[in-house]
Amino acid sequence: MPARPRILFVTDLAYQARGRRYCDEDIFLTSRLRDDFDIALCHPLDAVALMDAFSAVVVRNSGPVLHYQAGYEAFRAQAVARGTRVYNPLTGRGDMAGKQYLLDLTAAGYPVIPTVDRPQDLYGLPEAEAYVVKPKVGADSIGLHVVTPEQLDGLPFGDVLVQPRIDFRHEVSFYFVDDTCRYALYAPDPERRWALAPYEPTDADLAFARRFVDWNTLDHGVQRVDACRTQDGGLLLVELEDLNPYLSLDLLTDQARDAFVTDLTASLHRFLDAPPADGAHHGAARG
């Protein structure tokens, strides 16, 4: 009987997130993935020392890598150098590679909250009563603040992104395994981002979310497409989470949660059976 694949599951069980219990989600996931894989859990800073003994490394609720940036970049470099299989693969173009994608998607005309990082580009933003300023290396709303139009000139350009503050109806998130949306959740109250409820996406909603997953070109992995519903009914991208997106599995029905585990398990098997990728880019992760 062949040996079962060995998974090193990277998570920070002690990380305290606002409105979410990361540890519960990963305890649940690993308890179910053990049906198909031999699994060990470790903190992100221990991954390099342990990963050679495993078939693959699965990065899950490891918290913002902003808190251990040097260690995470060392992990990425070592994983590429050793040919380690990392899930999600390190070729992600979304939050895994920093916030540059918001600028790239804005320039390419995608339906994203308009984003700039240079003072000469401010004129291209829609007029707004207030603007959101976030660090390029930020995560989990760390360092985010709101300014008036008059305060824009004094910003430390080069280190921050600027977006108009959008008056939206609600936020909605689409959760993908590989290239398929498995479920969606939304926050009916704009002031309570993590007070989520089930959402039945329309065909137009799914087409919106799929554009960004297709753009990201990850063959395997879990992604969360976060969007806001504007007052005119359209959607704009807020974030493309492709590093360690929290999945809010506790809010799903038992049937939907079981289906997600089945999908994730199948994705991991496909990932392990696929030929090794031809390397990964070395861009610094910012999640």
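With the sequence shown counted from 1, adding 7 to any position gets you this note's numbering. Here a beta-carbon is modelled for each residue, glycine too, at the ideal position from N, C-alpha and C.
For the beta strand (DSSP E) containing Glu134, name the first residue and the last one. Taken as a continuous stretch (DSSP letters only), Glu134 belongs to no beta strand (DSSP E), as it is neither H nor E.
Is the CB-CB distance between Pro12 and Ser62 below 8 Å? yes
In terms of residues, what are the limits of the beta strand (DSSP E) holding Leu129? It is not in any beta strand (DSSP E) - Leu129 carries neither H nor E in the DSSP assignment.
Limits of the alpha helix (DSSP H) - the one that Arg277 falls within: Asp261 to Asp280
Asn68, buried or exposed, once every other Cβ within 10 Å from all chains shown has been counted against 16: buried
Just tell me which of Leu15, Tyr138 and Leu73 has its CA closest to the CA of Ala104. Leu73
Segment contact, 8 Å Cβ cut-off, at least three pairs: the region 176–185 with the region 216–236: yes
State buried or exposed for Val153, treating a residue as buried only when at least 16 other CB atoms are found within 10 Å of its CB. exposed
Tell me the rounded alpha-carbon separation between Asp166 and Arg200. 25 Å
Through-space distance from Asp280 to Pro126, alpha-carbon basis: 48 Å
Sorted by chain position, which residues of the same chain lie with C-beta nearer than 7 Å to Ser255's C-beta, five sequence neighbours on each side aside? Leu192 and Leu203
Ala24: which of Tyr253, Phe278 and Pro282 sits nearest, CA to CA? Tyr253
Under 8 Å between C-beta atoms of Leu242 and Pro118: yes
Classify Ala77: buried if its beta carbon has 16 or more other beta carbons within 10 angstroms, exposed otherwise. exposed
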